[in-house]
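Trainee:
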Amino acid sequence: MSLRICILETDILRPELVDQYQGYGQMFQRLFSQQPIAADFIVYNVMEGQYPSDDEQFDAYLVTGSKADSFGTDPWIQTLKTYLMDRYQRGDKLLGVCFGHQLLALLLGGKTERASQGWGVGTHRYTLAAKAPWMSPVMEELTLLISHQDQVTELPENATVIASSDFCPFAAYHINDQVLCFQGHPEFIHDYSRALLEIRQQHLGEKIYSQGVASLEQEHHGTTVAEWMMRFVAHKPQAEAAQG
Numbered sequence: 001m002s003l004r005i006c007i008l009e010t011d012i013l014r015p016e017l018v019d020q021y022q023g024y025g026q027m028f029q030r031l032f033s034q035q036p037i038a039a040d041f042i043v044y045n046v047m048e049g050q051y052p053s054d055d056e057q058f059d060a061y062l063v064t065g066s067k068a069d070s071f072g073t074d075p076w077i078q079t080l081k082t083y084l085m086d087r088y089q090r091g092d093k094l095l096g097v098c099f100g101h102q103l104l105a106l107l108l109g110g111k112t113e114r115a116s117q118g119w120g121v122g123t124h125r126y127t128l129a130a131k132a133p134w135m136s137p138v139m140e141e142l143t144l145l146i147s148h149q150d151q152v153t154e155l156p157e158n159a160t161v162i163a164s165s166d167f168c169p170f171a172a173y174h175i176n177d178q179v180l181c182f183q184g185h186p187e188f189i190h191d192y193s194r195a196l197l198e199i200r201q202q203h204l205g206e207k208i209y210s211q212g213v214a215s216l217e218q219e220h221h222g223t224t225v226a227e228w229m230m231r232f233v234a235h236k237p238q239a240e241a242a243q244g
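Encoded structure:
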């Protein structure tokens, strides 16, 4: 039986990118179609006020990336925070990427802010700091495409770091078997990252832009992270305990 995943889309792509990439919801659907656990997805754009009806049931809720700041005061962000806290208190599984990773950390007692390190772009390599049953296939290190100027600077009390680097110490974390978040973008592909770099070239400055473009020669582990996410959603620790 397929997992049912609610994608809470927190951005609208720039006009010059919409035709080719549609939106982050569709990018995630394409990504998840490449991993072995069957799942169905419904996308709701929360910037436009779209949410599931109360009677809809999902196995997890995924919060996408966004141009917005997770610590922003936009009304739609406040509405989303209220919605996510309700889902968390009900015990629902929550997934976050980039903006979603930061927003969930903030919501659950951590801290997110504009990073003193500046922009992170291109391909970035992380050391894996923890192992969990759902982290299959097993990796020695993780490489993901990134595009962010904000970071989680303090984790919620009960969070466990999964991946880190000198540039981004809290690059991925989980909270027990309920919350799993990544700063990097598993749904990105190299062409999309390149397009973002081109758009932001002047804003980034020549050095960061050039380093970002050069880093796109490296492969990334987006499909692996997608599989971890779906294994995390499917993981039933109670079943393990019963077998033990």
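If you're matching positions, the sequence shown starts at 1 in the UniProt record's numbering and goes up one per residue. Quick reminder that beta carbons are idealized off the backbone N, C-alpha and C, glycines included. On a predicted model such as this, the values are computed, not experimentally measured, just so you know.
Identify whether Asp191 lies in helix, strand or coil by the three-state DSSP scheme.
Mentor: Helix, per DSSP.
Trainee: Do we get a CB-CB distance below 8 Å when we pair Ser66 with the residues of chain B?
Mentor: Protein chains in the displayed structure number just one, and chain B is not present.
Trainee: Tell me Cys181's beta-bridge partners as DSSP assigns them.
Mentor: Answer by DSSP bridge pairing, in chain order: Gly96 and Tyr173.
Trainee: Report buried or exposed for Arg14, applying the criterion of at least 16 other Cβ atoms within 10 angstroms of its Cβ.
Mentor: With fewer than 16 other Cβ atoms within 10 Å, it is exposed.
Trainee: Along the chain, where does the beta strand (DSSP E) containing Thr143 start, and where does it finish?
Mentor: First-last of the beta strand (DSSP E) with Thr143: Glu141 to His148.
Trainee: Looking only at C-alpha atoms, which of Leu106, Val138, Glu198 and Ser33 sits nearest to Glu157?
Mentor: The shortest C-alpha separation from Glu157 is found at Leu106.
Trainee: Please identify the residue among Thr112, Tyr24 and Val233 whose C-alpha is closest to the C-alpha of Asp154.
Mentor: One point to set straight first is that residue 154 is Glu, not Asp, in the sequence displayed. Measuring from the Cα of Glu154, the nearest candidate turns out to be Thr112.
Trainee: Tell me whether the stretch 86–98 and the stretch 126–145 touch, counting them as touching only if at least three CB pairs, one residue from each stretch, are closer than 8 Å.
Mentor: These segments do not touch.
Trainee: Given this structure, state the Cα-to-Cα distance separating Phe42 from Ile7, to the nearest angstrom.
Mentor: It should be pointed out that residue 42 corresponds to Ile in this sequence rather than to Phe. Near 6 Å, if we compare the C-alpha coordinates of Ile7 and Ile42.
Trainee: Can you look up Gly122 in the DSSP assignment and give me helix, strand or coil?
Mentor: Residue state, collapsed to three classes: strand.
Trainee: Does the stretch 137–145 touch the stretch 218–234, meaning 3 or more C-beta pairs lie closer than 8 Å?
Mentor: Judged by Cβ distances under 8 Å, the stretch 218–234 makes contact with the stretch 137–145, as three or more pairs qualify.
Trainee: Ala38: buried (16+ other C-beta within 10 angstroms of its C-beta) or exposed?
Mentor: With fewer than 16 Cβ atoms within 10 Å of its Cβ, Ala38 is classed as exposed.
Trainee: Which same chain residues, not among the five before or five after Gln243, have their C-beta less than 8 Å away from its C-beta?
Mentor: Unreliable positioning characterises Gln243 in this predicted model, as indicated by a pLDDT of 46, which lies under 50. The coordinate reading is nonetheless provided below. Contacts found: none.
Trainee: In chain order, what residues of the same chain have a beta carbon less than 7 Å from the beta carbon of Cys98, not counting five sequence neighbours either side?
Mentor: Hits under 7 Å: Gly65, His148, Gln183 and His185.
Trainee: Do you know how far the Cα of Ala171 is from the Cα of Ala234?
Mentor: Computed Cα separation, rounded: 23 Å.
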